[in-house]
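In my numbering, the protein residues as written are 730 to 912.
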């Protein structure tokens, strides 16, 4: 299995966050990143107690047959996926920086469900927040659901965020249980 690549280490100095109590892993992909981020920020995250770790996993494409030599096509495609993954992670990590959060962003490569569970265990995450693709029963049976696999195999609490059905971008309204003061 390929090792994970750490994009950003802890962005804020530890002295600013001496009493971090929770490690909150947030799995994002291009389809669900915005509404998962919005829901987590508005309903769950607390800058005083949480280390937020963004995870993004890209699949690795393999040649269809051993005798085919794609002459760098696979590597070029993977490099494009890697750059997109890094940009997505950096974008959401940069959104939390001004709000006073301790943030890490980690790019993973491989089977998303296996890599996300492995990384959550490695991080000793307290919570994993991820989106739902709303697969139908047949697609879920054939393809497998990342959220379903994580809910059965991850050691920590799992929060699965569905896109809001009434909002065109799936965003949720703010219903925070924490009071935040931007300073």
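C-beta atoms are modelled at their ideal positions from N, C-alpha and C, and glycine is treated no differently.
Item checked: Counted within 10 angstroms of its Cβ, other Cβ atoms place residue 848 as buried (16 or more) or exposed -> buried
Checklist line | residue 887 (DSSP reduced to helix, strand or coil) | finding: strand
Next item on the list: Name the one or two DSSP bridge partners that residue 860 has.
Entry: 890
Item checked: Contact check, residue 857 vs residue 885, beta carbons under 7 angstroms -> yes
Check: Does DSSP put residue 784 in a helix, a strand or coil?
Finding: strand
Checklist line | Which of helix, strand or coil DSSP assigns to residue 757 | finding: coil
Next item on the list: Grab the span of the beta strand (DSSP E) containing residue 677 for me, first residue to last.
Entry: The displayed coordinates of the chain run from 730 to 912. Any statement about residue 677 would go beyond what the structure contains.
Next item on the list: Could you check the C-alpha separation between residue 770 and residue 750 for me, to the nearest Å?
Entry: Pairing residue 770 with residue 750, the inter-Cα distance amounts to about 17 angstroms.
Item checked: residue 788 CB to nearest heavy atom of the ligand GTP below 6 angstroms -> The ligand GTP is not part of the structure shown, which contains no ligands of any sort.
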